[in-house]
Structure formats: C-alpha cells, structure tokens
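Trainee:
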Amino acid sequence: MTRAKAELGLARPAALDAYKDFFWHARAFDAANYPSRHNRHLATRTLRASGGSAGNTESQRPSACAEGSLGHSVSPISSVIIDEGPEGKTFKFTQDVPADATKLAEQVKTLRTESVLIPMIGKRGVRTYTLCVSSQVGCAMGCTFCETAQMGLIRSLTSEEIVQQWYAATHLLKHPEIPEPVVTPQGLEGPVRNIVFMGMGEPMDNIENVLGAIDVLRDHRGPSIPISKITISTVGRVDGIHRLAEQIKTAGWHRLNLAISLNAADDEIRSGIMPINRRWNLGALQQALIDYPVFGGGKLCIEYVLIPGVNDTEADAQKIADFFAPINGDYQAKRQISTARALLNLIPYNPRRNSPWPAPTEESVDRFMGWLTQRNVYAKRRRTKGRDLMGACGQLGSEHIRQRKVVDLTVSA
Ligand code: SF4
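For the sequence shown, our numbering gives the first residue as 2, with consecutive numbering after it.
Written as structure tokens, this is what we have:
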C-alpha cells in the first residue's frame with residue numbers, strides 16, 4: 002500500500018505521519034481557541050485519513066503520535082504587521098518555534114518564523130492571497146542585498162513548521178479583509194491560493210523537509226493546494242535543482258513551479274552579490290536549467306532584482322539575453338515551437354536596512370526593460386507595490402514590513 006502510494010506520488014510515509022500528527026494537535030489547539038465548523042471538518046477528514054473516526058479518543062491516535070516521534074503543536078501567531086497596499090492589506094506574521102540542540106540553544110529558547118500573506122487582484126477583479134513561507138530561520142546563502150542574510154542560518158524548519166504557516170494563515174489570522182475559510186464539496190476553500198517558498202531561507206538547503214511539507218499542502222484530504230499553485234524559489238543551488246528535477250518526474254508533482262534568483266548574468270558580479278555563484282557558476286546553473294524536465298507548458302521564472310550601479314547597464318541586459326538563449330533555444334528546437342521557456346521577472350531593488358544601494362528610479366527600470374525587449378527577452382515588470390512584496394527571494398516586504406530586529410529571538414532567562 003505504501004509503495005503503491007509512493008508510485009502514485011501520494012504522501013510519503015514520513016509526510017503522512019507528520020500530517021496526521023500535525024492536524025491531530027491542530028484540532029486540540031482549535032478546540033480551545035477557535036472552535037468552528039471548518040476546523041471540525043478538517044479534523045474529521047484527518048481522522049478519516051488516519052483510519053480513525055470523528056469519535057476517536059486519545060488512545061486511538063495515529064501510532065506515530067502515540068510513540069511521540071513527531072510530537073508537535075501549532076504555534077500561535079506571535080506578532081502581525083499589517084501594511085496597506087493598492088491591492089489590499091499585506092500581513093506579515095511570525096510564529097515561535099523551539100531552538101534546536103545546538104550551541105545556540107544554550108542562549109536561546111525560541112526562534113521565529115516569518116510568513117507574509119500578500120493580496121493580489123486578478124484579471125477579473127477578484128482578490129486572492131499568496132502565502133510566502135519560510136523554510137529556515139535565517140539563511141546561510143549570504144546574498145549581500147538580503148536582510149535575512151544578516152542573520153546567518155540559525156536552523157532549518159521541519160515539514161510541520163512549514164505547514165503550520167499555512168495553517169496559521171488559513172485559520173488563525175483573523176481580520177475583516179481576510180475571507181473565512183469554508184468547506185465546499187471540493188474541499189477547503191481558504192484565503193490562500195498560492196504558496197511561494199520565498200520567505201526566510203534557501204529551500205534547496207532544506208529540500209527534504211520542503212518536499213515533505215508540499216506533500217502535506219497538496220494532500221486532497223487536507224490543505225488541497227494544487228501543485229501548480231506552489232513555487233519553490235532558489236538562489237541557484239544546482240544540487241537542489243537536480244533533486245527537484247527527479248521529484249517532478251513523479252506523478253502528481255509535474256506542475257510544481259521553479260523560480261531562480263539570477264540577479265546578474267555575469268560571473269564576477271553574481272559572485273560578488275551571491276556567494277552561491279562561487280560554488281555553482283552561471284554555466285552550471287544554465288546547464289541545470291536546460292536539463293530541467295519540461296511538463297506541459299512548464300515555464301522557468303527567472304527573478305532579476307535591478308540594483309543601481311550593480312547590474313543595470315545595457316551590457317547587463319545583453320548578458321541576460323545570452324544566458325537565456327540556450328535555455329529557450331534548446332526548448333524551442335526540441336518542440337518546434339517559438340514560445341520562450343524562461344521568463345524574466347524584473348524587480349526594482351527594495352533596499353534592506355543599511356543598504357549601500359538605493360532603489361532604482363522609474364526611468365532606469367523602464368530603460369532596462371526596453372533593452373531586454375530589444376533583445377527578445379520575455380520580461381515582465383512588477384508594477385504594483387503588492388506584487389513587489391513577493392518579488393524575489395531576499396526582497397520580501399516593504400520598508401514597514403521589514404521592521405524587525407535583525408535576529409528576533411527569545412533569550413532564556
Ligand atoms: S536572498 Fe534568499 S537565498 Fe539569499 S540570503 Fe536571502 S533568503 Fe538566503
């Protein structure tokens with residue numbers, strides 16, 4: 002049964018156990034704090050998934066929980082910052098997670114995850130929300146334009162700690178603008194339509210827990226987020242891209258989205274702002290993207306943060322075109338089509354605190370877009386503030402939303 006499930010791309014045992022455990026405890030949490038119809042429904046579905054009934058008792062809990070191997074409860078939201086944007090309010094919220102058994106644990110009791118719920122108005126004028134989740138507390142990648150990089154890596158999150166960010170956004174974050182989740186015959190309809198791994202951390206640095214979390218998030222007995230609505234964003238860890246290339250070959254995973262933070266198409270410049278480039282340079286990244294499997298119309302979203310004086314000249318635009326050429330050329334030649342596979346997402350730099358660079362002017366962004374268009378690079382520019390908020394890894398949040406200590410920790414007494 003387990004093997005059949007694995008071959009079908011259904012939740013792997015570890016993720017399924019985590020899922021059962023997660024929702025079991027979630028129900029206990031809800032009963033005290035948020036007793037509502039949809040939570041009862043979730044619990045019922047979870048129990049059904051675990052082979053139990055709605056009347057289960059503590060002694061009938063799934064075995065993984067009884068053994069205490071995955072002991073976990075949903076952390077309440079510890080802080081919320083609300084920012085007004087043209088497409089609605091953006092909510093940044095934090096949840097406490099325990100420190101692990103490292104040296105840090107001697108000084109620190111709890112750590113904080115950060116998540117952002119971002120409103121977006123679609124073509125039909127309907128507002129939906131994208132949830133940007135963290136995969137780590139801090140990050141080891143050291144990108145110079147990034148606020149999180151200043152923390153260093155504190156620890157990676159477990160699958161449950163990633164999923165609980167979705168749970169908090171769906172059930173705990175109460176605000177008149179956030180629609181209440183409802184249960185329809187199709188499943189749970191909560192406020193979150195898309196999930197992007199663009200919060201704190203490099204997802205490829207914690208890939209197994211990220212995949213475990215996605216297993217839960219896409220599970221039709223639980224969150225039911227379509228895989229096509231989930232995006233992993235990487236700084237360009239080529240080993241992680243290879244791992245993901247294998248994963249998306251399995252049934253149920255084909256339409257998982259991949260985004261890459263390029264930010265410079267010149268090795269010297271890129272190594273200067275993104276140390277990962279010293280380990281896997283542009284050639285290695287380009288080859289990994291050429292080799293990345295294609296399913297359906299699978300596009301590659303390449304993020305480019307435009308930083309004045311760093312990567313904003315006409316020569317930089319030409320280098321982007323050169324980087325894209327073999328990726329799109331290989332795709333088009335194999336399929337005898339003219340559509341591009343790699344799409345550039347141009348994001349005006351959103352300065353971190355104490356940044357050595359300012360934000361680019363409107364004129365310079367327009368000029369750069371013009372150079373890209375002249376070179377047949379299919380590029381989009383984030384125009385509205387709400388969308389800038391989820392522009393790229395390391396660019397999360399407006400100035401207001403970023404107001405936090407560099408390391409937001411609770412220190413033991
Ligand atoms: S930009 Fe992304 S990968 Fe780079 S340091 Fe920041 S969080 Fe890590």
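C-beta atoms are modelled at their ideal positions from N, C-alpha and C, and glycine is treated no differently.
Just how far apart, CA to CA, sit F92 and V184?
Mentor: What you label residue 92 is simply residue 91 of the sequence shown in a count that begins at 1. What you label residue 184 is simply residue 183 of the sequence shown in a count that begins at 1. Distance between the alpha carbons of F92 and V184: 23 Å.
Trainee: Please give the ranges of any beta strand (DSSP E) in the stretch 279-306, keeping only runs that are unbroken, at least 3 residues long and fully inside the region.
Mentor: Those beta strand (DSSP E) runs which fall completely within the stretch 279-306 and span 3+ residues do not exist here.
Trainee: If you measure between the beta carbons of I228 and R256, is that distance less than 9 Å?
Mentor: Within the sequence shown, numbered from 1, the residue matching residue 228 stands at position 227. Within the sequence shown, numbered from 1, the residue matching residue 256 stands at position 255. Yes, these two residues count as a Cβ contact at 9 Å.
Trainee: R354: which of G371, I215, I277 and T145 sits nearest, CA to CA?
Mentor: Here residue 354 corresponds to residue number 353 of the sequence shown, with the count starting at 1. Ranking G371, I215, I277 and T145 by Cα distance to R354 puts T145 first.
Trainee: Could you pull out every residue in the same chain whose Cβ sits closer than 7 Å to the Cβ of F325, ignoring the five residues on either side in sequence?
Mentor: Here residue 325 corresponds to residue number 324 of the sequence shown, with the count starting at 1. Hits under 7 Å: A343 and V378.
Trainee: Taking the C-alpha atoms as reference points, what is the distance between A50 and H172?
Mentor: In the sequence shown, residue 50 corresponds to position 49, counting from 1. In the sequence shown, residue 172 corresponds to position 171, counting from 1. Reliability of the predicted coordinates at A50 is poor, the pLDDT of 37 falling under 50, and the value obtained from them is presented with this limitation in mind. Near 20 Å, if we compare the C-alpha coordinates of H172 and A50.
Trainee: For the ligand SF4, is there any heavy atom lying closer than 8 Å to the beta carbon of M370?
Mentor: One-based indexing of the sequence shown puts residue 370 at position 369. M370: no, Cβ never under 8 Å from the ligand SF4.
Trainee: Evaluate contact between the stretch 120-132 and the stretch 79-97, counting only Cβ atoms and requiring at least three cross-stretch pairs below 8 Å.
Mentor: Cβ pair count under 8 Å is three or more, so yes.
Trainee: Quick one: is the Cβ of T232 within less than 8 Å of any heavy atom of the ligand SF4?
Mentor: Indexing the sequence shown from 1 puts residue 232 at position 231. It does not: the Cβ of T232 is nowhere closer than 8 Å to a heavy atom of the ligand SF4.
Trainee: Confirm the yes/no value for this check: CB of C133, any heavy atom of the ligand SF4, distance under 8 Å.
Mentor: Along the sequence shown, one-based indexing puts residue 133 at 132. No, since every heavy atom of the ligand SF4 falls outside the 8 Å radius drawn around the Cβ of C133.
Trainee: Who are the near neighbours of A360 in its chain, counting only those whose CB is closer than 7 Å to its CB and skipping five residues on each side?
Mentor: Position 359 of the sequence shown, counted from the first residue, corresponds to residue 360. Once the five neighbours on either side are set aside, the close Cβ partners of A360 are P349, Y350, N351 and P352.
Trainee: Rounded to whole angstroms, how far is the Cβ of S116 from the Cβ of G241, which I believe are closer than 8 Å?
Mentor: Looking up residue 116 in the sequence shown gives position 115. Looking up residue 241 in the sequence shown gives position 240. Actually they are not in contact, since the Cβ atoms of S116 and G241 sit about 21 Å apart, beyond 8 Å.
Trainee: Taking the C-alpha atoms as reference points, what is the distance between G213 and S160?
Mentor: Counting from 1 along the sequence shown, the entry for residue 213 is found at position 212. Counting from 1 along the sequence shown, the entry for residue 160 is found at position 159. Going by the C-alpha atoms only, they are around 6 Å apart.
Trainee: Which runs of the beta strand (DSSP E) fall wholly inside the stretch 84-142 and span at least 3 residues, in chain order?
Mentor: With a minimum length of 3 residues, the continuous beta strand (DSSP E) runs that stay inside the stretch 84-142 are 89-99, 109-122, 128-133 and 137-139.
Trainee: Under 8 Å, with one C-beta from each stretch per pair, do the stretch 204-221 and the stretch 265-272 reach the 3-pair mark?
Mentor: No: fewer than three Cβ pairs fall under 8 Å.
Trainee: Can you have a look at T374 and say buried or exposed, based on whether 16 or more other CB atoms are within 10 angstroms of its CB?
Mentor: Counting from 1 along the sequence shown, the entry for residue 374 is found at position 373. So T374 ends up on the exposed side.
Trainee: Relative to the ligand SF4, is the shortest distance from any of its heavy atoms to the C-beta of F296 smaller than 8 Å?
Mentor: Locating residue 296 in the sequence shown gives position 295, counting from the first residue. Because no heavy atom of the ligand SF4 lies under 8 Å away, the Cβ of F296 does not count as near it: no.
Trainee: Give me the residue from V239, E190, T232 and I321 with the minimum Cα distance to W254.
Mentor: Your numbering for residue 254 matches position 253 in the sequence shown. Measuring from the Cα of W254, the nearest candidate turns out to be T232.
Trainee: Say yes only if the C-beta of A265 is nearer than 8 Å to one or more non-hydrogen atoms of the ligand SF4, and no if none qualify.
Mentor: The residue given as residue 265 occupies position 264 in the sequence shown. False, no ligand heavy atom lies under 8 Å from that Cβ.
Trainee: If you drop the 5 nearest sequence neighbours on each side, which residues of the same chain put their C-beta closer than 8 Å to that of I78?
Mentor: Counted from its first residue, the sequence shown places residue 78 at position 77. These residues qualify, in order along the chain: F94, T95, Q96, A169, L173 and L174.
Trainee: Buried or exposed, going by whether 16 or more other CB atoms sit within 10 Å of the CB of R280?
Mentor: Taking the sequence shown and counting its residues from 1, the one referred to as residue 280 is at position 279. So R280 counts as exposed.
Trainee: What are the boundary residues of the beta strand (DSSP E) that includes F198?
Mentor: To locate residue 198, count along the sequence shown from 1; it is residue 197. Where F198 is concerned, the enclosing beta strand (DSSP E) stretches over V193 to F198.
Trainee: So, S262 versus V236, is the Cβ gap smaller than 9 Å?
Mentor: As a working note, residue 262 is residue 261 in the sequence shown. As a working note, residue 236 is residue 235 in the sequence shown. Taking 9 Å as the Cβ cut-off, S262 and V236 qualify as a contacting pair.
Trainee: Using 8 Å as the cut-off, classify the Cβ of S356 as near or not near the heavy atoms of the ligand SF4, replying yes or no.
Mentor: Stepping through the sequence shown from its first residue, residue 356 is reached at position 355. Result no, Cβ not under 8 Å from the ligand SF4.
Trainee: Just mark K381 as buried or exposed, buried being the case when its beta carbon has 16 or more other beta carbons within 10 Å.
Mentor: For this step, residue 381 is matched to residue 380 along the sequence shown. Under this definition K381 is an exposed residue.
Trainee: Is the beta carbon of D101 sitting closer than 9 Å to the one on R156?
Mentor: Along the sequence shown, read from residue 1 onward, the residue named residue 101 stands at position 100. Along the sequence shown, read from residue 1 onward, the residue named residue 156 stands at position 155. Yes, these two residues count as a Cβ contact at 9 Å.
Trainee: What I want to know is whether the C-beta of F146 ends up closer than 8 Å to one or more non-hydrogen atoms of the ligand SF4.
Mentor: Within the sequence shown, numbered from 1, the residue matching residue 146 stands at position 145. Yes, the ligand SF4 has a heavy atom inside 8 Å of this Cβ.
Trainee: Thinking C-alpha only, which one of I215, V295 and F369 is nearest K320?
Mentor: The residue given as residue 320 occupies position 319 in the sequence shown. The candidate whose alpha carbon is nearest that of K320 is F369.
Trainee: Can you tell me whether F198 is buried or exposed, with buried defined as 16 or more other CB within 10 angstroms of its CB?
Mentor: Looking up residue 198 in the sequence shown gives position 197. Buried.
Trainee: Less than 8 Å between the CB of S262 and some heavy atom of the ligand SF4, yes or no?
Mentor: Walking along the sequence shown from the start, residue 262 turns up at place 261. Under cutoff, so the answer is yes.
Trainee: Kindly indicate the opening and closing residues of the beta strand (DSSP E) around S262.
Mentor: In the sequence shown, the residue the question calls residue 262 occupies position 261. S262 -> beta strand (DSSP E) spans N258 to S262.
Trainee: On the DSSP letters alone, give me the boundaries of the alpha helix (DSSP H) that V239 sits inside.
Mentor: In the sequence shown, the residue the question calls residue 239 occupies position 238. Here the alpha helix (DSSP H) through V239 covers V239 to Q248.
Trainee: So for P204, helix, strand or coil by DSSP?
Mentor: Taking the sequence shown and counting its residues from 1, one reaches residue 204 at position 203. Looking at P204 - three-state DSSP - the assignment turns out to be helix.
Trainee: Helix, strand or coil: how does DSSP classify L174 here?
Mentor: What you label residue 174 is simply residue 173 of the sequence shown in a count that begins at 1. Looking at L174 - three-state DSSP - the assignment turns out to be coil, as it is neither helix nor strand.
Trainee: Taking only three categories from DSSP, how would you classify T235?
Mentor: As a working mapping, residue 235 is identified with position 234 in the sequence shown. Three-state DSSP puts T235 in a strand.
Trainee: According to DSSP, simplified to helix, strand and coil, what is L158?
Mentor: Here residue 158 is taken as the residue at index 157 of the sequence shown, counted from 1. Three-state result, L158: coil.
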